[in-house]
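Below is one structure, written out as structure tokens; the observations come after it.
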């Protein structure tokens, strides 16, 4: 919708059809209604769009199946269909479900209870007649789906409706308990009815919540039932876990507190070495499944559940209170919540038992589970207690030396996943550096096992390259992987050698041999290694590597490879951040402190630090960016955010950040436009970003009220706007943008940023970009002057003209010089300019400020206050025409030259403002300018002002000009120089004043 605004009705109708196919009737109707509103707007109205909306309205009214199904639906009432279902007709359940989804049937609580009893009866009798088991399972699945739809579409009204829903949920939950001693029943009911049980609890949580005591009790019972009964059974190995995971996520979203309390306070699991929550055990079992089985299991959904569960458990509002009524880790305590402590304890108990086990399969499961927690972002919360055990990490690697290759691979998966946690990664590196280096060189076992271990070990070493090395563990013993090496402290692996290993793997990939996953890991490793400046140069100069990797990334169907490639490009082209003076001083103090602590090695470190500093200088980064772009980096970035690639938010954020770095080099801005960088940037804006259409609507608000831009709320939008600003500075707007208005509102939003050092740079570049955009021919299709004024952008520009920073002040003044060609902007400056001139005085009067010894002068009756002229906007331009910066004076003089075509402005400059005539004369005789071209430009601007003033028809203005010492003489000298640009204007002024 953001990228294709003109096609919004069509896209809304497509999404409506998708919602209808999913059974989300209300969402589908909402989208059709929005499309119907849009087609009333002339911008979206066409015969095709109107016809499409009419078809959608008609089709949705009869949605729910084909004509035969519709005839069947109308042949029987809901009660008759229920009787057929109970009698064993599976097709009746499908018919009833379609009617429910189409909003043409709504079951009562009693009817739902009857269907739930039938479902439980089917699940209980599947073992009785083995020959009919398959047919019975089919009937049970269809019935459960129908009941779930009934709960999801149940809309209780009033107390009676609420009571009916509460009763139906309670009956469904308690119907299970009548058969909970039958293991076969549990497995069948969870397999076919997990979605049904989740829909029941979700309906209660979302539609009623905890409004009264009975609903609260049943809600607690329903959540506890799902977590302690459905989830543990449905998540057993061999069971299809997707449905039960999806149900758990639905319940967690609907009521985080109830889910956390049920999950963290569930009963202990029998048979564990230490007591642990059974739901946690099942979650960890899903997380510990092998990667090759993950596609057919619920492991990805379990990772998402672990992430959401950890985030919810950290919130004190979702934790159980202690005896005093407050959470042990409440908001004021700073410690973990009680729920999080319970989850940590249960997790550590289970995982420690698995990992310390002598059974390789169980140990491998534990290692993969911990790795999955860190991949999901929940490791620091749920697995924290493991690292607090004395010697745990050391034992992990000691035993790893004797593990089988598959278990060692799981150990490396763990090291890879937790490397982003600085403290945990440092522990792992301290104790495992020797073994990982040995595995990277190749160890015992089949060649395939050794290759897989070596590839992953190289990835781990790359991620460890930025971690501290103090206290590294001794290398592997002589009987292990490196028998020829004596035991000694293990130094870090050579980063250049690691990079070369990964480069060889990528270059060797041809669709066979190395797998795509290995290439992805190597690209990710190079990204980590390229955090070091000398590695950046090493990789950026390898054009063969970059061309091969970029080609693979463009054609890959793996999002991981594209993301790893984008991150590599970002690390190669990232500039050092702009620091404030205070940050620079703090950085200098930190360097001095580090130098004092390592004085023995000060020489070598200082040399290395100087070399790194040179390689990260702006010139070096610009050179790397040019080399990277010459091998196709921009096309990779554009391909990564195309709709067909289904980019994640992380990919979009990374691409926006990388393009900002590339656009910092003026030489690359044209290439970014040529290869689609601008359209890619506009396509990844978030929903919070200001859009051109929204801006136009705001500009047309009632009573002409203007709504000025506000600062951007999302970092991605800020990066997009900054990148577009850099491009708009150098590239002609008609070549860079299909419609320049697309970027105007984003640039104005940058002007609203806070006045930090980075924000000042953003403002400066945004002003330069707006100046370029406002340079189009007035009245042309690319003219954005009126659009900027309509958005009240001139208020932000005027604030920038008052900035303390000279460059920001200069850029804002130059922008105003371009904007005054617009009639509305012109009138904003000229409006009531001459009301400060006393009409009753026959001769012009110079208004002067009182001296210090004269005190405050009182207002003179019959004329404006002497200081009132300061309130006019022209006063700001006069003041800027008298600053030290020559470029600012030139821009202010240019604005005054344009505005002086209005007699009101001439009267203000010569009759109201006390210093304007002297400022103009000073500009004409400015001897501080060393450049002859600049002096000629200044003289021309002033000559135009004098010519306009002499021709304005006001005798007082002409008399004031004649009385100005040196003005007429300067005009005559200008008119005498026939080669000067100011000659014609000066001659006109002299003739008028003669």
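In our numbering, the protein residues as written are 691 to 1684. Note that the Cβ used here is the ideal one computed from N, Cα and C, for glycine as well. Remember, it's a predicted structure, so these values are computed and weren't measured experimentally.
For residue i, count neighbouring Cβ atoms within 10 angstroms of its own Cβ and tell me buried if that reaches 16, exposed if not.
{"i": "residue 1407", "result": "buried"}
{"i": "residue 1072", "result": "buried"}
{"i": "residue 1423", "result": "buried"}
{"i": "residue 1122", "result": "buried"}
{"i": "residue 1452", "result": "buried"}
{"i": "residue 1280", "result": "exposed"}
{"i": "residue 1669", "result": "exposed"}
{"i": "residue 1454", "result": "buried"}
{"i": "residue 1050", "result": "exposed"}
{"i": "residue 791", "result": "buried"}
{"i": "residue 1186", "result": "exposed"}
{"i": "residue 1380", "result": "buried"}
{"i": "residue 888", "result": "buried"}
{"i": "residue 1401", "result": "exposed"}
{"i": "residue 1026", "result": "buried"}
Are the CB atoms of residue j and residue i within a distance shorter than 8 Å?
{"i": "residue 1124", "j": "residue 1221", "result": "no"}
{"i": "residue 1584", "j": "residue 1507", "result": "yes"}
{"i": "residue 974", "j": "residue 1037", "result": "yes"}
{"i": "residue 879", "j": "residue 859", "result": "no"}
{"i": "residue 1587", "j": "residue 1631", "result": "yes"}
{"i": "residue 1664", "j": "residue 1600", "result": "no"}
{"i": "residue 1003", "j": "residue 1030", "result": "yes"}
{"i": "residue 999", "j": "residue 988", "result": "no"}
{"i": "residue 1521", "j": "residue 1565", "result": "no"}
{"i": "residue 897", "j": "residue 955", "result": "no"}
{"i": "residue 1328", "j": "residue 1374", "result": "no"}
{"i": "residue 1254", "j": "residue 1207", "result": "no"}
{"i": "residue 1589", "j": "residue 1516", "result": "yes"}
{"i": "residue 1034", "j": "residue 1044", "result": "no"}
{"i": "residue 1701", "j": "residue 854", "result": "In the structure displayed, the chain extends from 691 to 1684; residue 1701 sits before or after that span and is not available."}
{"i": "residue 1357", "j": "residue 1415", "result": "no"}
{"i": "residue 1598", "j": "residue 1511", "result": "no"}
{"i": "residue 1076", "j": "residue 1147", "result": "no"}
The alpha helix (DSSP H) with residue i in it runs from where to where?
{"i": "residue 1105", "result": "1095-1107"}
{"i": "residue 1227", "result": "1223-1230"}
{"i": "residue 790", "result": "780-791"}
{"i": "residue 770", "result": "768-776"}
{"i": "residue 885", "result": "873-897"}
How many Å lie between residue i and residue j at the Cα?
{"i": "residue 1592", "j": "residue 1463", "result": "25 Å"}
{"i": "residue 1230", "j": "residue 1223", "result": "11 Å"}
{"i": "residue 1189", "j": "residue 1145", "result": "12 Å"}
{"i": "residue 1477", "j": "residue 1378", "result": "21 Å"}
{"i": "residue 1112", "j": "residue 810", "result": "51 Å"}
{"i": "residue 1325", "j": "residue 1313", "result": "19 Å"}
{"i": "residue 1001", "j": "residue 1237", "result": "41 Å"}
{"i": "residue 727", "j": "residue 1411", "result": "30 Å"}
{"i": "residue 1563", "j": "residue 1633", "result": "22 Å"}
{"i": "residue 771", "j": "residue 836", "result": "11 Å"}
{"i": "residue 1361", "j": "residue 1346", "result": "16 Å"}
{"i": "residue 1322", "j": "residue 924", "result": "48 Å"}
{"i": "residue 1243", "j": "residue 1250", "result": "9 Å"}
{"i": "residue 861", "j": "residue 1261", "result": "58 Å"}
Once the 5 residues before and after residue i are set aside, which same chain residues still bring their CB inside 7 Å of it?
{"i": "residue 1104", "result": "1057, 1060 and 1061"}
{"i": "residue 1503", "result": "1491, 1570, 1578, 1581 and 1582"}
{"i": "residue 912", "result": "859, 863, 890, 891 and 894"}
{"i": "residue 1658", "result": "1652 and 1683"}
{"i": "residue 1258", "result": "1213, 1216, 1217 and 1220"}
{"i": "residue 884", "result": "920, 924, 933, 934 and 937"}
Give every residue of the same chain whose Cβ lies closer than 6 Å to the Cβ of residue i, excluding the five residues on either side of it in the sequence, and list them in chain order.
{"i": "residue 1413", "result": "1349, 1350, 1353 and 1371"}
{"i": "residue 1679", "result": "1636, 1637, 1640 and 1661"}
{"i": "residue 768", "result": "795"}
{"i": "residue 762", "result": "Bear in mind that a pLDDT of 46 at residue 762, under 50, signals an unreliable position, so the number given afterwards is only what the model happens to contain. Cβ within range, chain order: 785."}
{"i": "residue 945", "result": "895"}
{"i": "residue 725", "result": "699, 702, 703 and 743"}
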